[in-house]
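Chemist:
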Amino acid sequence: MLTITSDVTTAEAYDSKLSVKELALVVRKEGSLVETGVFELYQNSPNPFAKETNISFRLPESGAAKLTIYDVTGKVLRVYDVQGAKGLNTIKILKSELNGNGVLYYQLDSQSHTATKQMLVID
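437 is the number that the working numbering gives the last residue of the sequence shown; the numbers go up by one with no jumps.
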């Protein structure tokens with residue numbers, strides 16, 4: 315059994331503003347359904363992509379969310395400010411909006427959660 319505790323060090327995570335974020339360990343099977351009351355950032359699809367891709371995420375409640383795409387040097391390529399609905403949301407990303415190739419990172423920030431994943435843009 316795996317658990318996260320504060321026995322040795324404090325069990326917490328930090329966002330880019332050094333705010334303390336909730337830390338949880340979630341295990342699920344590939345393809346299983348996720349509860350609607352949880353935060354989750356999914357892998358973009360398709361990945362890699364040449365023209366466009368979709369980034370989906372799940373919010374525990376409706377509210378503002380920010381999706382930031384940046385390159386391996388940390389340079390911000392695009393920011394999408396959205397009003398997310400409770401449950402599943404999807405943002406379509408066009409390669410022409412990014413001005414970048416290769417490995418890129420995308421980070422989703424909501425009121426109380428942050429998650430980051432990487433994607434591959436090809437010619």
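Even glycine gets a Cβ: it sits at the ideal position worked out from N, Cα and C.
Please read all numbers here as calculations on a predicted model, not as lab measurements.
Closest by CA to V390, which one among A379, L434, K400 and G414?
Modeler: G414
Chemist: Using three-state DSSP, classify T359 as helix, strand or coil.
Modeler: For the sequence presented, residue 359 should be read as Ser rather than Thr. Strand at S359.
Chemist: Any idea what DSSP makes of K431, helix, strand or coil?
Modeler: strand
Chemist: DSSP puts S370 in a beta bridge; with which residues?
Modeler: Partner residues in the beta bridge of S370, as assigned by DSSP, are T404.
Chemist: What is the DSSP secondary structure of K409, counted as helix, strand or coil?
Modeler: helix
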